[in-house]
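S.K.: Just so you know, the sequence shown maps onto residues 1 to 284 in the UniProt record's numbering. Beta carbons are placed, not taken as given, at the ideal position from N, Cα and C, and that holds for glycine. The structure presented is a predicted model; accordingly, all values stated were derived computationally and were not measured.
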Amino acid sequence: MLDLIQGALFWIGKIPQDGLLGFLFRLILALIVYAIGTKVIAWLCRIVRKHLLKYGTDEAAKSFVMSILKISLHILLIMTLAAQVGVDRTSIATVLASAGVAVSLALKDGLSNFASGLIIMFLRPFSVGDYIIEHGENNEGTVEKIELYYTTLATTDSRRVVIPNSLLTGNCITNVTAADKRRLEIKVGISYDSNLQKAKDILRELIQEDPELMDQEESQIYVDSLGESSVVLGLKSWVKTEEFWNTKWRMNERIKEAFDANGIQIPYPQLDLRIRDIPKEIKR
1 MLDLIQGALF WIGKIPQDGL LGFLFRLILA LIVYAIGTKV IAWLCRIVRK
51 HLLKYGTDEA AKSFVMSILK ISLHILLIMT LAAQVGVDRT SIATVLASAG
101 VAVSLALKDG LSNFASGLII MFLRPFSVGD YIIEHGENNE GTVEKIELYY
151 TTLATTDSRR VVIPNSLLTG NCITNVTAAD KRRLEIKVGI SYDSNLQKAK
201 DILRELIQED PELMDQEESQ IYVDSLGESS VVLGLKSWVK TEEFWNTKWR
251 MNERIKEAFD ANGIQIPYPQ LDLRIRDIPK EIKR
């Protein structure tokens, strides 16, 4: 395929430079070569991607390198064809320089996103597959792609969010899945009339029975605060990151069922009203 492109470029150069007919022939051949060239670029990109996968390159770095390679090869192809059609090389360089200045002024945000993409690639605050929370615009989701200008997130409800890289480097980011484990913390209130030690024993048993909570890690059960209508108990334990939410939801349900079965009351805010008799002199 590369030999075919080289041959086509050779014959374009052989066509006479003067005359409308010669120009049309060169233009048609250039368009044909461009169509073939795009397929060659796609083929080269696939080869490079395979080699990156072979050497275990990070998904984010792979996506970033492929974006730069694809854009650079297309620019090189267009410049080569323009020169073969008859456009002066000096003119091409001048146009590209002028276009670069104009684009840089018009796309300041784009350049900022590009620089931010480089920062993300080298500092690695997150990678493809991580679940992140961006606190500036409150975007969150699993990182699907990190490209030159944008990062794509997939939300839990199957939406795709495309975020400019400058927004990610300019705001606080929480990488939820950076570690293999997360600390699970649950707080629940019980009434002042309930048996405090019994409630703590129930929580301790639930921790020991749950298969996803890590036995080798320290767990804590404590009185968090004394509220207006309840004694707030706290539970802290460790769980694998990928099982965090399922374990949290399951533990909340099991705590409610266990407390109900053992007579431990979970109170809700109540307001006591006392009505006093109004003195007779006030009634008059």
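Does the Cβ of VAL223 have 16 or more other Cβ atoms within 10 Å, making it buried, or fewer, making it exposed?
M.R.: Mapped onto the sequence shown, residue 223 falls at position 223. So VAL223 counts as exposed.
S.K.: State buried or exposed for ARG274, treating a residue as buried only when at least 16 other CB atoms are found within 10 Å of its CB.
M.R.: In the sequence shown, counting from the first residue as 1, residue 274 sits at position 274. Exposed is the call here.
S.K.: Pull up the distance between the alpha-carbon of TRP11 and that of HIS135, whole angstroms please.
M.R.: Along the sequence shown, one-based indexing puts residue 11 at 11. Along the sequence shown, one-based indexing puts residue 135 at 135. Caution is warranted here: a pLDDT of 48 is assigned to TRP11, below 50, making its placement in the model unreliable, and the coordinate value is therefore given only provisionally. Approximately 58 Å, taken between the alpha carbons.
S.K.: According to the neighbour-count rule (16 or more other Cβ atoms, all chains shown, within 10 Å of its Cβ), is PHE259 buried or exposed?
M.R.: Here the question's residue 259 lines up with position 259 in the sequence shown. PHE259 should be labelled buried.
S.K.: Near ASN262, what residues of its chain come up, given a Cβ to Cβ distance below 7 Å and the 5 sequence neighbours on each side ignored?
M.R.: The residue you call residue 262 lines up with position 262 of the sequence shown. So the qualifying residues of the chain are LYS198, ILE202.
S.K.: Kindly confirm or deny that the segment 212-232 and the segment 166-180 touch, where touching means at least three C-beta pairs closer than 8 Å.
M.R.: As far as the Cβ criterion goes, the segment 212-232 does not touch the segment 166-180, which means the pair count is below three.
S.K.: Are the Cβ atoms of residue 362 and ASN171 separated by less than 8 Å?
M.R.: No answer is possible for residue 362: the residues shown for the chain start at 1 and end at 284.
S.K.: Exposed or buried, ALA106, counting other C-beta atoms within 10 Å across all chains shown (16 or more means buried)?
M.R.: As a working mapping, residue 106 is identified with position 106 in the sequence shown. For ALA106, the pLDDT reaches just 49, beneath the cut-off of 50, and the residue's location in the model is therefore unreliable, although a value from the coordinates is still provided. By the neighbour-count rule (16 or more Cβ atoms within 10 Å), ALA106 is not buried but exposed.
S.K.: Which residues in the same chain have their Cβ closer than 6 Å to the Cβ of GLN220, if we skip the five residues on either side of it in sequence?
M.R.: Start at 1 with the first residue of the sequence shown, and residue 220 comes out as number 220. Around GLN220: LYS236.
S.K.: Quick check on this structure: which residue in LEU148, GLY141, ILE41, THR80 has the alpha carbon closest to the alpha carbon of ALA115?
M.R.: Against the sequence shown, residue 115 aligns to sequence position 115. It is LEU148 whose Cα lies nearest to the Cα of ALA115.
S.K.: Alpha carbon to alpha carbon, how far is LYS54 from LYS39?
M.R.: Your numbering for residue 54 matches position 54 in the sequence shown. Your numbering for residue 39 matches position 39 in the sequence shown. For LYS54 and LYS39, the distance between alpha carbons rounds to 23 Å.
S.K.: Along the chain, where does the beta strand (DSSP E) that runs through GLU185 open and close?
M.R.: For the purposes of this step, residue 185 is taken as residue 185 along the sequence shown, with counting starting at 1. Residues 181-190.
S.K.: In three-state DSSP terms, what is ALA106?
M.R.: For the purposes of this step, residue 106 is taken as the residue at position 106 of the sequence shown. Here the model assigns ALA106 a pLDDT of 49, short of 50, so the residue's position is not dependable and the matter cannot be decided.
S.K.: So, at 6 Å on beta carbons, what are the nonlocal neighbours of LEU213 in its own chain, with the 5 sequence-adjacent residues on each side left out?
M.R.: Locating residue 213 in the sequence shown gives position 213, where the first residue counts as 1. Closer than 6 Å at Cβ, skipping near neighbours: ILE207, SER237, VAL239.
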